[in-house]
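J.: First the structure, which I've put down as C-alpha coordinates, then a few questions once you've had a look.
Numbering (the working numbering), first residue to last: 687 to 758.
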(Lines of atoms letter the chains of each structure in order from A and count residues from 1; the text may use other names and numbers.)
(Lines give C-alpha, C1' and ligand atoms only; values in the text may rest on other atoms or scores of the structure.)
Protein backbone atom coordinates (compact mmCIF):
# COMPACT_ATOMS: atom_id res chain seq x y z
CA UNK A 1 0.00 0.00 0.00
CA UNK A 2 1.41 3.38 -1.04
CA UNK A 3 1.39 6.07 1.66
CA UNK A 4 1.05 9.51 0.08
CA UNK A 5 0.69 12.90 1.73
CA UNK A 6 -2.93 13.97 2.12
CA UNK A 7 -4.93 17.14 2.63
CA UNK A 8 -6.54 15.67 5.75
CA UNK A 9 -5.87 12.62 7.89
CA UNK A 10 -2.62 10.65 8.12
CA UNK A 11 0.47 12.49 6.78
CA UNK A 12 -1.55 15.74 6.59
CA UNK A 13 0.14 18.53 4.64
CA UNK A 14 0.61 22.08 5.92
CA UNK A 15 2.07 25.25 4.39
CA UNK A 16 5.86 25.03 3.79
CA UNK A 17 5.89 21.20 4.00
CA UNK A 18 8.13 19.59 1.41
CA UNK A 19 6.14 17.65 -1.17
CA UNK A 20 8.44 17.73 -4.19
CA UNK A 21 7.25 17.58 -7.79
CA UNK A 22 7.01 13.84 -8.42
CA UNK A 23 4.38 12.81 -5.85
CA UNK A 24 0.72 13.83 -6.13
CA UNK A 25 -1.07 14.22 -2.79
CA UNK A 26 -4.42 12.57 -1.98
CA UNK A 27 -7.70 14.23 -1.04
CA UNK A 28 -11.09 12.57 -0.49
CA UNK A 29 -9.39 9.16 -0.80
CA UNK A 30 -8.15 9.83 -4.36
CA UNK A 31 -5.00 11.19 -5.97
CA UNK A 32 -5.22 14.89 -6.85
CA UNK A 33 -4.76 16.00 -10.48
CA UNK A 34 -1.71 18.24 -11.08
CA UNK A 35 -0.99 20.98 -13.59
CA UNK A 36 1.83 23.52 -13.96
CA UNK A 37 0.82 27.18 -13.58
CA UNK A 38 2.12 30.15 -15.57
CA UNK A 39 4.24 31.16 -12.56
CA UNK A 40 6.08 27.82 -12.47
CA UNK A 41 4.18 26.43 -9.49
CA UNK A 42 2.23 23.17 -9.64
CA UNK A 43 -1.43 23.08 -8.61
CA UNK A 44 -3.11 19.86 -7.51
CA UNK A 45 -6.92 19.84 -7.56
CA UNK A 46 -9.29 17.40 -5.86
CA UNK A 47 -11.90 16.12 -8.31
CA UNK A 48 -14.39 15.57 -5.48
CA UNK A 49 -14.34 18.58 -3.13
CA UNK A 50 -12.46 21.10 -5.33
CA UNK A 51 -9.63 21.80 -2.86
CA UNK A 52 -6.48 23.15 -4.54
CA UNK A 53 -2.96 22.56 -3.19
CA UNK A 54 -0.21 24.73 -4.74
CA UNK A 55 3.45 23.68 -4.67
CA UNK A 56 6.21 26.21 -5.43
CA UNK A 57 9.24 25.71 -7.68
CA UNK A 58 11.24 24.35 -4.70
CA UNK A 59 8.66 21.61 -4.03
CA UNK A 60 7.23 23.25 -0.89
CA UNK A 61 3.51 23.61 -0.18
CA UNK A 62 2.77 27.24 -1.07
CA UNK A 63 -1.01 27.39 -0.54
CA UNK A 64 -4.03 25.22 0.26
CA UNK A 65 -7.36 26.62 -0.94
CA UNK A 66 -10.67 25.01 -0.12
CA UNK A 67 -13.48 25.47 -2.61
CA UNK A 68 -15.81 28.23 -1.48
CA UNK A 69 -19.47 27.31 -1.22
CA UNK A 70 -22.20 29.86 -1.77
CA UNK A 71 -24.48 30.60 1.18
CA UNK A 72 -28.12 29.84 0.61
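No residue lacks a Cβ here, since even glycine has one placed at the ideal position from N, Cα and C.
#1: Near residue 706, which residues of its chain fall below 6 Å by C-beta distance, leaving aside the five closest residues on each side in sequence?
#2: Who does residue 723 pair with in a DSSP beta bridge?
#3: Out of curiosity, what's the CA-to-CA distance linking residue 724 and residue 730?
#4: Taking the beta carbon of residue 728 as the centre, do at least 16 other beta carbons fall within 10 Å, making it buried, or is it exposed?
#5: Use the C-beta contact count for residue 712: other C-beta atoms within 10 angstroms, 16 or more gives buried, fewer gives exposed.
T.: Quick look at the numbers:
#1: Beyond the five residues adjoining it in sequence on each side, residue 706 comes within less than 6 Å, by CB distance, of 745 in the same chain, given in chain order.
#2: Under DSSP, residue 723 forms no beta bridge with any residue.
#3: 14 Å
#4: Classification for residue 728: buried.
#5: buried
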